[in-house]
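Going line by line, the protein sequences match chains A and B.
The first sequence runs contiguously to residue 632 in our numbering.
The second sequence runs contiguously to residue 386 in our numbering.
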Amino acid sequence: MTDPRTLLVARCQSCHSRFLPRPGACPRCGAANVSPIAIPPEGVVLAAVELLAPSTGWPSPHRLALVQLADSIRVLALADRTPPLGAHVVVERDGETYRIAPVA
Amino acid sequence: MSAHVASTGIGRFGRRPEALVDLVAEAGAIALEGIGRKTVDYLVVGTMAAGDLGGVDNLVPRVAERLGLEGAQGVRAEAASASGAAAFHVAHAIVASRAADRVLVVAGEKMTDHPTAEIARTLARSLAPSEQAVGATMPALAALVAQRYLDQHGLEPTAFDAVSVAARSAAARNDRAQFQDPVSLADVAASRPVALPLRLLHCSSVSDGAAALVLEHGEGPAGVLGVGQGFDSVMLVDRPDLASFRATRSAARRAYEMAGLTRKDLRFAELHDAFAPFAVIDLEDIGVCGAGEGARWFSSGDTGPSGRFPVNVSGGLLGRGHPVGASGLVQIAEVARQLRGEAGAMQLDPTPRVGLAQSIGGLATHNFVTILGGETGP
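Next up, the structure:
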């Protein structure tokens, strides 16, 4: 069971880089031995965009936020509202995508 | 120097009724006329999305046939929105290795048949799958880059407006540009938001167009002094700094090293301004000014045609239009035209000796820098 209060990211056994999970080897050093590691889901909004000319299949406006998590890891997350820069948010993983959790 | 641009061919950019092969052949024919139809040994074709947007693939034999080059050889080059520059770099490698002594390079894109949302989705295919999965588009990510730039340097969102004004003012002197009318700072600020801080006039347009040039062994005023490429993380979130493009800095370092020149030897540049903030970042990344200083160079007129470092005298992507595959090559062709004294109403005075073209592929994942100039340097 995955703790809902953590996010699983990847850690390279060779160069110890941490990064969002992805297919294939470590993007920094090319080593194949990459293992999952849990980090807290809390982060800070670095930038947020309200896209008024979205791609096919997405509503307008379409909101995305760049969130700084722990260990220099950043995610591009879907957002229901445009968060202010510097806002503290919680990020949830939703299948292959990330989303800013609604404020309780 | 072992290769030089012997002629160029640039068609009109904008909404064109012709098919992609017609546009590319039109530009190619102009370039071939420029060398008196001398024999071309090799053909390099650059496009980003010929199949998806132009409805055609297997372009090389089609273009060869249209231009009467059936005795030549050829290959297609692709590097997203820098495909035209990639085609030039492939051609340069071919000439430098003496595999061929005269190469026709053509590049183009046909985009205007498609609705904007579909264009956005097609262009987003050059982004990481995880970014496409959340509906990221080029303008969305460019807006994030712009926000980070403004935040890091403590600038107002209007900092980029002068880039758009300068581009449209330059394009008004380029009869092949999509946009022939200048715009004011007030027009830029009043244009509709696309993804703030980006407004419509900060964004290059969907466009059709093609460019060509002949690269041949030997020397001339538009010799290839240096070429370089660089990569950056495909996932934008992997980059520690979004206010500068590592791919440009790597490409520029390699090109300067090959040329044995520094940025002080440059007289002017064509920079990739698919979005106005990119021109500011590009100017910093090629070393013309320091981090955070670029916007002031545009607003002060330092990058104007009579300024201390002219940028995008031909209108840039913002003014000329951005048929994605064509842009990288038309930038190099415009640098060559300046060096050859063939730029007409856009000609810099005095005729410059060394210039640089810089192209961004994808969201700055695969960038190209090309330095052209005469044998004796600046």
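Quick reminder that beta carbons are idealized off the backbone N, C-alpha and C, glycines included.
Check                                                                                                                        : Outcome
C-beta neighbour in chain A for ARG393(B), strict 8 angstroms                                                                : Not covered by the structure: residue 393(B). The range shown for chain B is 9 to 386.
Sub-8 angstroms separation of PRO630(A) and VAL573(A) beta-carbons                                                           : no
Three or more C-beta pairs below 8 angstroms linking the region 49 to 68 of chain B and the region 83 to 93 of chain B       : yes
DSSP-derived helix/strand/coil call for GLU342(B)                                                                            : helix
First and last residue of the uninterrupted beta strand (DSSP E) at ASP293(B)                                                : No beta strand (DSSP E) holds ASP293(B); the alpha helix (DSSP H) holding it covers 284 to 293.
Unbroken stretches of the alpha helix (DSSP H), 4 residues or longer, contained in the region 133 to 181 of chain B          : 137 to 140, 146 to 161 and 169 to 179
7 angstroms Cβ cut-off: residues of chain B touching ALA575(A)                                                               : LEU152, GLN155 and ARG156
Any C-beta of chain A under 8 angstroms from that of SER105(B)                                                               : no
Straight-line Cα distance separating LEU75(B) from PHE547(A)                                                                 : 49 angstroms
Contact set between ALA581(A) and chain B, taken where Cβ atoms lie within less than 7 angstroms                             : THR124, ALA128, PRO147 and VAL202
ALA115(B) vs SER212(B) beta-carbon contact at 8 angstroms                                                                    : no
Per-residue burial, HIS12(B) [other beta carbons within 10 Å of its own, 16 or more giving buried]                           : buried
Interface positions of the region 205 to 219 of chain B facing chain A (Cβ-Cβ less than 7 angstroms), listed along the chain : none
Cα-Cα separation, VAL98(B) to LEU112(B)                                                                                      : 11 angstroms
is_contact[PRO165(B), chain A] using C-beta, thresh 8 angstroms                                                              : no
Own chain residues within Cβ distance below 6 angstroms of PRO386(B), not counting five before or after                      : With a pLDDT of 43 at PRO386(B), under the threshold of 50, the modelled position of this residue cannot be trusted; read the value that follows with caution. Same-chain partners within the cutoff: ASP273, ARG361 and VAL362.
Exposure of GLY238(B), with buried meaning 16 or more beta-carbon neighbours within 10 Å                                     : buried
LEU364(B), DSSP secondary structure in three states                                                                          : strand
Limits of the beta strand (DSSP E) - the one that PHE376(B) falls within                                                     : 374 to 381
Residues that LEU592(A) contacts on chain B, provided the C-beta gap is smaller than 8 angstroms                             : VAL142, GLY143, ALA144, ALA148 and LEU152
Amino acids of chain B, ordered along the chain, whose beta-carbon sits closer than 7 angstroms to that of LEU535(A)         : The premise fails here: LEU535(A) is roughly 13 angstroms from chain B at the closest Cβ pair, so nothing lies under 7 angstroms.
Endpoints, alpha helix (DSSP H) assigned at ARG328(B)                                                                        : 324 to 328
Beta-carbon proximity check, LEU535(A) vs VAL202(B), cutoff 8 angstroms                                                      : no
Cβ shell of GLY324(B) (< 6 angstroms), same chain only, five flanking positions each side left out                           : ALA175 and ASP281
Residue span of the beta strand (DSSP E) that contains ALA470(A), given as start and end                                     : As displayed, chain A neither begins before 529 nor continues past 632, which places residue 470(A) out of reach and without an answer.
Enclosing beta strand (DSSP E) for ASP622(A) [first to last residue]                                                         : 616 to 622
Delimiting residues of the beta strand (DSSP E) encompassing PHE276(B)                                                       : 276 to 278
PRO229(B) and GLN155(B) closer than 8 angstroms at C-beta                                                                    : no
Inter-residue spacing [alpha-carbon to alpha-carbon] between LEU209(B) and ASN561(A)                                         : 47 angstroms
Per DSSP, cross-strand counterpart(s) of ILE18(B)                                                                            : ALA219(B)
CB contact flag (LEU364(B), LEU221(B), <8 angstroms)                                                                         : no
Any chain A beta carbon closer than 8 angstroms to ASP60(B)                                                                  : no
Under 8 angstroms from the C-beta of PRO69(B): neighbouring residues of chain A                                              : What PRO69(B) touches in chain A: nothing, since even the nearest Cβ is about 32 angstroms away.
For ALA559(A), three-class secondary structure by DSSP                                                                       : coil
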